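Student:
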Amino acid sequence: FFLDDISNEILTMTIDYEYFYALIQAGTTASPVVAQGNLPAVIESPAGLYLTSNKLTSGGTYETLTHQDSLLTIAQPAPVLEFIQFTADRYSWVHYHATPSTHYHYLNDENIQDFDIQLRSENGVILNHDECGDYNLVIAFDCVVEPTYSPEYLRAYNLEAYRNAHTPERIIL
Numbered sequence: 001f002f003l004d005d006i007s008n009e010i011l012t013m014t015i016d017y018e019y020f021y022a023l024i025q026a027g028t029t030a031s032p033v034v035a036q037g038n039l040p041a042v043i044e045s046p047a048g049l050y051l052t053s054n055k056l057t058s059g060g061t062y063e064t065l066t067h068q069d070s071l072l073t074i075a076q077p078a079p080v081l082e083f084i085q086f087t088a089d090r091y092s093w094v095h096y097h098a099t100p101s102t103h104y105h106y107l108n109d110e111n112i113q114d115f116d117i118q119l120r121s122e123n124g125v126i127l128n129h130d131e132c133g134d135y136n137l138v139i140a141f142d143c144v145v146e147p148t149y150s151p152e153y154l155r156a157y158n159l160e161a162y163r164n165a166h167t168p169e170r171i172i173l
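FYI, full-length UniProt numbering numbers position 65 of the sequence shown as 65, with every residue one higher than the one before it.
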């Protein structure tokens, strides 16, 4: 037989009890009954989690927040790669399938051989290994190598473009 903390306190309840105002605050017979309080609420099944990386995002993803004093919306860089929506029941495997449109994150000359990955709760708190366990992650990199041109090639290319644009039939007098 187990009694929770409210049943233990209900018989000798005083305003010193932590959740006194959350239970009920009753007035006298001349005033109305007021129910108020802040019971702690915990939602046990989050909507999803964030896959984040400080190296792989390079500030290309932004999150917005509202400044409390000016009520202006502020966008600031965030390390979010993807939000993984939970679609399965609690205690199930999470299988994330990317949408048909691929999400691109520009690395801006970062080294793809040395990067970090974190899982964060929907509140932005980094999850420890004992909170999320082992997981498999497949990341695909599409590397675009910009061609490098020699100064001689660029001079010859620009000279050819100049000659084509400045032929006698194109000159208007």
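In this text, a Cβ means the ideal position worked out from N, Cα and C, and glycines have one as well. Quick caveat: nothing in here was measured; it's all calculated off a predicted structure.
Can you tell me which of the three DSSP states proline 77 falls into?
Tutor: strand
Student: Rounded C-beta distance between isoleucine 74 and leucine 81? I'm assuming under 8 Å.
Tutor: At roughly 21 Å, the Cβ-Cβ gap does not stay under 8 Å, so isoleucine 74 and leucine 81 are not in contact.
Student: Compare the Cα-Cα distances from tyrosine 135 to each of Asp142, Pro79, Ile117, Ala47 and report the closest residue.
Tutor: Ile117
Student: Just the C-alpha distance for valine 144 and alanine 98, rounded to the nearest angstrom, thanks.
Tutor: 22 Å
Student: Considering only the alpha carbon of each residue, which of Asn54, Gln113, Ser121, Pro168 lies closest to alanine 140?
Tutor: Gln113
Student: Going by C-alpha to C-alpha distance, which of Asp69, Ala47, Tyr62, His95 sits closest to valine 138?
Tutor: Checked all of Asp69, Ala47, Tyr62, His95; the closest Cα to valine 138 is His95.
Student: Just the C-alpha distance for histidine 166 and glutamate 160, rounded to the nearest angstrom, thanks.
Tutor: Computed Cα separation, rounded: 10 Å.
Student: Roughly how far, in whole angstroms, is the beta-carbon of leucine 119 from the beta-carbon of leucine 127, given that I think they are within contact range, below 8 Å?
Tutor: 5 Å
Student: Going by C-alpha to C-alpha distance, which of Asn123, Gln85, Ile171 sits closest to glutamate 63?
Tutor: Checked all of Asn123, Gln85, Ile171; the closest Cα to glutamate 63 is Asn123.
Student: Please report the distance separating the alpha-carbon of tyrosine 50 from that of tyrosine 157.
Tutor: 47 Å
Student: DSSP state of glutamate 63, grouped into three classes?
Tutor: Glutamate 63 falls in the strand class under three-state DSSP.
Student: Does DSSP classify leucine 72 as helix, strand or coil?
Tutor: Secondary structure at leucine 72: coil, using DSSP grouped into helix, strand and coil.
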